[in-house]
Every structure is written in structure tokens, then in C-alpha cells.
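Everything on this sheet refers to the single structure shown next.
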Amino acid sequence: MKLIEMKNSGALTGMLFAGLLMSLMPALTLSAQNVLTIDCSKPGEQINPQMYGIFFEEINHGGEGGLYAELVRNRNFEEHVLPRGMELKDGFACAPHSRNYAYQPDKPDEWITMEYHDWKTPWNTDSLKMIGWSVAGNADYDVTDEMPLHPNTPNSMYLKMKEAGVVLENEGYWGMAVKQGGSYDLRFYLNAVDYAGSVNARIVSSDKKTVLAEHSFNIEKAEKWQEYTAVLKSVGNDVKSSLQLIFEKPGCVYVDYVSLFPQDTFKGRKNGMRKDIAQILADLKPGFMRWPGGCVVEGATLENRMRWKESIGDPMQRRSEWIRWNYHSSWGMGYHEFLQFCEDLGAKAMYVANVGMSCVGNNGDYTDDLEPFVQDIKDAIEYAIGDVTTTWGAKRAAAGHPEPFPLAYVELGNEQFGSIYAERYEYFYSRLKPLYPDITFICTLGMDNMKDALKEVDMIDPHWYSEPKFFYENTHLFDDVKRGKFNIYVGEFACIAESNITGALSEAAFMIGMERNADIVKMASYAPLLENVNQRDWQTNLIWLNSGQVMGRSSYYVQKMFSTNVPTYNLAYSFSRDTEESVGLPYQTLHCIAGYDTDSKETIIKVVNGSAEEKKITVRLNGFQVSASGKVITLSADKPDAENSLDNPRKVAPIETSYEGFGGSFDYVFKPYSLTVLRIPTLNK
Ligand code: AHR
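Okay, so the sequence shown: first residue is 8 according to the working numbering, each after it adds one.
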């Protein structure tokens, strides 16, 4: 179905459209005013009920120190380990000299202008070793690999204590939040090569004056690794507490894998998600969740790519790896936890796989030996949905989940372009689609010509990080995309020029364009999702958090208003505006869309008014019996730069009210800087 938007001045153009428009002509003859005329007589395109999802990537400490509930930072003492395959030279971790896949000698104007990137990043092993940790008291200490606990976590803390009372302390991710009455699972490993006596484990308050929880372990001298566990129950609240191991005697030990994990996670999962952050995500009612990224999938070099098989099993045995956002991921929140979280959210899972290429903006190295990558994807699919009699399905069952997980999408690569990528999409697709016809295999090509070169594409994944002007001017971007060859998943988008209501409303205008084209735009996810405010790796992120708080920015509420107000299908409408442009802005900031929800029997109208003035719109609902009472959800602000903060998290938040003034024709005044959802009970005549 084609939906029509026009301006009063364009009445002549409007006359070219017969049928629907004929019945709307009275609206066009009115004097200057905004008129939204909705034809309720025939259902339009169905909208994917799971259209709006979430994009998770380990970035901004959104997982480690965010969604993943572990409280100890650098629990395995591996933070200083170089990215796999890189070498330390003159204070830099240096990638191998390899050709960038996107370099095209015949196209020197393309954005990859160097054949070899020789990518490198500053590296200071000594300072990285102690990330999260400190030692107080008379002791020599170092992080060393001379006493490996496990081949995947070879480094440990060596402590040679000359006096009693040495304290090994972890401050967590800018503080550990504990709650009064909360129970915390402590687990650590000790090799007491020359130590006998007690070790006191304590959670202490931020001012170090109060012991919030403690447990004493009696250690016997033994030259072997031994696991110690206890449940620590906090007697107080503190969002910046820390964990101490206090050695009551002099002596010599190695310490590794120190973990403190709240029992009260989302849905009570062990090794699970921080409850408040998971809940703010659950409140979005996401249709799907993408994992593990993002550039992290690709790696700064191919060796450095994310490997899902290293992210399952006992978290102690998982190999951590530096990720290209400049810190290590323990992969404690691994493939199994991701799939479980999708199930817990009622969302479909989207796994993003590496296809033998690293991040083009980093090293961009690649391999032509693709079979291991194909096999790895097959194994990932089997782990998620395979029968328990298969090798990987059996591993899922052994991990406690014999039922299949809701894996529905596999993206082949991330943000990769060019002919080398296009060829391998075809190759991976031809190898995987016949085996898994129900899985949608997403192609990372954007809306350029390359997609036409491909024989078969399930779905493409264009990304847009831009400014308000771009999003407002492109509300019709999808209207003319050729139908029939592929669907579109807008995998990453965000207004990065303005982190405030202005940016958020421009995203809403763009989303109206997506929803209007729901026959081809099947899914969308804002990116990035989470930011621990103590480390911003990317300028604009949807949700901000610290150790004890979490809040959604204005863009979060835009996402929520769309994802919780998805109609069943679109309704045909025409929108005539009284002015071509919003005052003071060179682009139109008044946009709307209408749809019908067959479950609740409501017409759902979404209106963006990005201007500084109120806008009155006359709404006509043709072909419906309309109830006067309904619901209005309004997100608005008094200033264009208004934004939420951790101290004022609901400054820009939707307000839901009942409304009694609906009818077959009614006027509604939309607030300045607002997104409004009208839910109007309506029945077919
Ligand atoms: O969302 C942040 C980054 O933006 C993602 O990792 C990458 O896919 C894109 O370039």
C-alpha cells in the first residue's frame, strides 16, 4: 500500500491520486490548517509485531559494569593481556601487517584509501594489570602467568606478604552497589604456596568505615589451586562499596578469579543480568535482541574477533579478550546468557557472526579460508535450536536448557561493504540457508547498489548515525525502495549530533518513515544501547547507568513509545499541512502516521511536532465508529536541548492521560517539542 502525504499547496499533485483521494477532497479545500484524514475502511500493510528490538554490544562498559551483574572488575587478572594476534612495540599493541579488504586500487576516492592499515593502539601493560585492584600493606605483588589456574585464565595475582593484614581490594566498576539484606555469591581461587591462616573476605562501605558483610576462610598451606565460596549478606546499602580479601598472616599466595555476584538478578538467573538494567530493557518490550555487536563481532583484527564458543561453560574457564572499545570482555555474559535473556524478555534472538573479516576501519584483514567460519555459524545455530542429540544441542541441554532458544536471525558480518564482502555473503548464504530455511540471514550491505548484485538476500542492514536535519529530511527514504528483493532491518541508527529531545524527535520522525513502509522495513534497533557514564566510548547512547542507577534518555522514551504502540496494520491517510516548513527550521518537523490495533480495537496515531510552537491538527477518521474516550501518551519538553539525567531521570518522559474529546472529526493541539500517541477506540462501521 502506498500512503500519501502532501501539503495544501500541493493540491494539484494530490488530484493525480484517484480513489482514496477523491474521498478526501473536502479536506484539501479547507483554508490553511493541518488536516490528517485517515481512511479506516481498508487494512494496509501488516506491521511486524516484533519490529522494534534492542542492539547489545560490549561498548561503554554497558555489559561489563552494566547489564552483566558481576561486581568485581578484572576478576580474572587478564585485563593487561594483549589483543590476540597483536604484538607489543614501543608502547603500542600492533596488528599484523595485512591488506585491508575494502581497499580498491581502481577506486582511489573510496573511503579506505590505504592498502595496509597497520593498525595499533596504545598499550601500558603495567597500569592495565591492576585495573580494578589495589594492594595495601607491606607486600610485594604482581600479576603473573607463572601459576596458571586454567589455560584460559593463566594470569593471577601473586602476593608476598611481609606482615599480617595485607589487603587485596577490588573497587568494582566505579563502585559496587550492595543492598541491605541482599545476598552476594563470593567465589575465588587461592593457591596457598606458602600461607596458612585465615583470609577474611569483606564488603566494606565507600568510606571504608563500615563492614557490610564478611566471611572468614581458614586456609591451609597447599601448593595447588583451591576454590573458596561463601554467601555474603549485606547489612547496609552502598552503591560504592568494595570487596576486600584480608590476609591475617604473612606468607605467599596466588589469587585468581575473584567473583562477587548478586543472587537477585533478573528472573533470578545465576551468572545473570543486573535487575534494574534488565528491567528497563524489558520495559521496551523488545521484539528481538541483537548480540554481540557491532564492531566487536569483527575485531580490530581477525584474530581479535568475538568467538562464541569461548563464551559458554563455567565463567571461570572463559577466555577474556580485549574488545575494540578498549577494554577486556570476560564474556561472562556469553552466548548462552544472551539466548537465555532473549527468552526471558520474550524476544527473538539475533546472533551476529564473523565471516572471516575484521573491522574495516581498524585492520580490515581477512581470510579466504571460509569453511571454519561456516562451521562455526552452523554450530552456533545448533547450540541455539538444534536437537539435543546433536553435538551442540547436547551442550545446550547440558547447560540446563534442553528446549530450543528463540534464535530467528543470523547476521553475516557487521557493517561490511564492497565486493569481497558481497561474494562471501552469497557463499555463506548458499551454505546455510538450505540447512536453516526458517532463519533470516541478514546481509550487512546498506542501501547502495551492491545489494542488487546479489542473487538472494533475505534482509539488508543499513545504519544511520546523523543529525536531526538528516532524519527529518529522510522520513520518505524508504517510500521508493524497490520492493520484492529483500526486507530491511535498520540495525543501527541514532541522532548523534544532539543527545536531547531535538535528536530524539528527529529519530521519531525517521521511525514514522520506517513504520509507514512496514511492508519492507521489518525491524529496527537504536544503537548503542547502554553507557556506563564513567566510560563513554561512543558519543550518544540510549540508556545511561552507573553502579546504582539506570535511566533512559529522551530517545529511550521515543523507542518505548514506538515499541509499545505497534499497530497491527497501517491505515491509509493523507496529511495536509498549513505550512511547508517549521518556523526557523529549513526542514519539516511535523510528521504523523496512523494504524489500527486489531487486539485492542484502537486507531493508533503518532504525531511528531519538533517545532517550538503548538500545532493544531484536525483529525478525520473516515469509515469508523469512534469513541470519544481514549488515551493520549505525550513525551514533550519545554526546551530543544532538554534531556534526562541520573539526578532527574524523568524530566523528559511520557505522560499517559485519558482523553474524552475524540470523534469522527476532532481537533487536537500537539505540544511544542513533542511525540504524541493517540489511542482511539474505533470500530469498523
Ligand atoms: O554502535 C557503535 C558502532 O557503530 C558499532 O559497533 C558499529 O557496528 C558501528 O560502526
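Ideal placement from N, C-alpha and C gives every residue a C-beta, glycine not left out.
Residues near residue i in its chain [Cβ-Cβ closer than 6 angstroms; skip 5 each side]
i, result
"C450", "Y432, V464 and I467"
"A237", "L193 and H222"
"W298", "F63 and F345"
"Y261", "M154, S163, Y165 and N198"
"V528", "F485, I495 and M521"
"A285", "F273"
"V265", "V79, R82 and F195"
"D372", "S105, T308, L309 and S365"
"D487", "none"
"M29", "With a pLDDT of 35 at M29, under the threshold of 50, the modelled position of this residue cannot be trusted, and the question is left open."
"I736", "As displayed, the chain neither begins before 8 nor continues past 692, which places residue 736 out of reach and without an answer."
"V142", "Y148 and L175"
"F708", "Missing from the structure shown is residue 708; the chain here goes from 8 to 692 and no further."
"T397", "E389"
Same chain, Cβ closer than 8 angstroms to residue i, five either side skipped, listed in chain order
i, result
"T689", "C47, Y603, K608, E609, T610, L628, F631, Q632, V633 and S634"
"D375", "G363"
"C599", "L43, I519, Y580, F582, I612, K613, V614, V615 and I624"
"L95", "L89, C101, W130 and T132"
"A203", "I226, E227, K228, K256 and G258"
"Q187", "S241, V242, G243 and N244"
"G726", "Absent from the structure is residue 726, since the part of the chain shown begins at 8 and ends at 692."
"K49", "A579"
"H124", "A102, N107, N369, N370 and G371"
"S636", "S665, Y666, E667, F669 and P688"
C-beta contact flag for residue i and residue j at 9 angstroms
i, j, result
"S570", "L291", "yes"
"N370", "A102", "yes"
"I119", "Y576", "no"
"F295", "F348", "no"
"E499", "Y533", "yes"
"L642", "A511", "yes"
"E350", "F412", "yes"
"R560", "N651", "yes"
"G555", "A184", "yes"
"N145", "E178", "no"
"K385", "I319", "no"
"Y564", "V659", "yes"
"E621", "P679", "yes"
"W332", "W545", "yes"
"T160", "R325", "yes"
"D674", "V626", "yes"
"P647", "T482", "no"
"A109", "F424", "yes"
"P409", "V395", "yes"
"S249", "K282", "no"
Integer-rounded CB distance, given that residue j should sit under 8 angstroms from residue i
i, j, result
"A580", "I66", "First, the amino acid is wrong: residue 580 is Tyr here, not Ala. About 39 angstroms separates the two Cβ atoms, so there is no contact after all."
"E71", "D526", "The pair is not a contact, with the Cβ atoms about 40 angstroms apart (cut-off 8 angstroms)."
"N421", "V359", "6 angstroms"
"R438", "V381", "5 angstroms"
"T547", "A501", "5 angstroms"
"E317", "Q251", "So it is not a contact: roughly 30 angstroms between Cβ atoms."
"M357", "E430", "No, M357 and E430 are not in contact; Cβ-Cβ is about 23 angstroms, not under 8 angstroms."
"G182", "S213", "7 angstroms"
"M121", "N107", "7 angstroms"
"E474", "A504", "4 angstroms"
"Y191", "I210", "7 angstroms"
"Y180", "H87", "That belief does not hold up - the Cβ atoms of Y180 and H87 are roughly 17 angstroms apart, past 8 angstroms."
Contact set for residue i: own chain, Cβ-Cβ below 7 angstroms, skip 5 residues either direction
i, result
"S327", "N83, E85, H335, S336, S337 and W338"
"Y434", "L377"
"Q57", "G294, F295 and K355"
"W232", "L156, Y196 and N198"
"I392", "P411, F412 and L414"
"D201", "K228, G258 and C259"
Residue i beta carbon near the ligand COA (any heavy atom closer than 8 angstroms)
i, result
"Y123", "Of the ligands this structure carries, namely the ligand AHR, none is the ligand COA."
CB contact check: residue i to chain C, cutoff 9 angstroms
i, result
"S249", "Of the protein chains in this structure there is only one, and it is not chain C."
Length at least 3, wholly inside the region 374 to 443: the beta strand (DSSP E) runs in chain order | Entirely contained in the region 374 to 443, the beta strand (DSSP E) runs reaching 3 residues are, in chain order, 414 to 419.
Which ranges does the beta strand (DSSP E) cover as unbroken runs of at least 3 residues, wholly within the region 140 to 210, from first to last along the chain?
-> Given a length threshold of 3 residues, each whole run of the beta strand (DSSP E) inside the region 140 to 210 is given here in chain order: 140 to 143, 146 to 151, 163 to 168, 173 to 177, 183 to 185 and 190 to 201.
Taking only runs that begin and end inside the region 459 to 538, name each unbroken beta strand (DSSP E) of 3 or more residues, in chain order.
-> You should have 470 to 473, 494 to 497, 499 to 502 and 528 to 533.
Hey, which unbroken runs of the alpha helix (DSSP H) at 4 residues or more fall wholly within the region 290 to 351?
-> Within the region 290 to 351, the complete alpha helix (DSSP H) runs of at least 4 residues are 302 to 305.
List in chain order: all unbroken beta strand (DSSP E) runs of 3+ residues lying wholly within the region 73 to 101.
-> The beta strand (DSSP E) runs lying completely inside the region 73 to 101 and spanning 3 residues or more are 94 to 96 and 99 to 101, given in chain order.
May I have a chain-ordered list of the alpha helix (DSSP H) segments no shorter than 4 residues that lie completely inside the region 224 to 298?
-> If we require 4 residues or more, the alpha helix (DSSP H) runs fully inside the region 224 to 298 come out as 282 to 289.
Output the residue ranges of the beta strand (DSSP E) runs that lie fully inside the region 541 to 627 and measure 3 residues or longer, sorted by chain position.
-> Here the runs fully enclosed are 550 to 552, 557 to 559, 576 to 584, 597 to 604 and 609 to 616.
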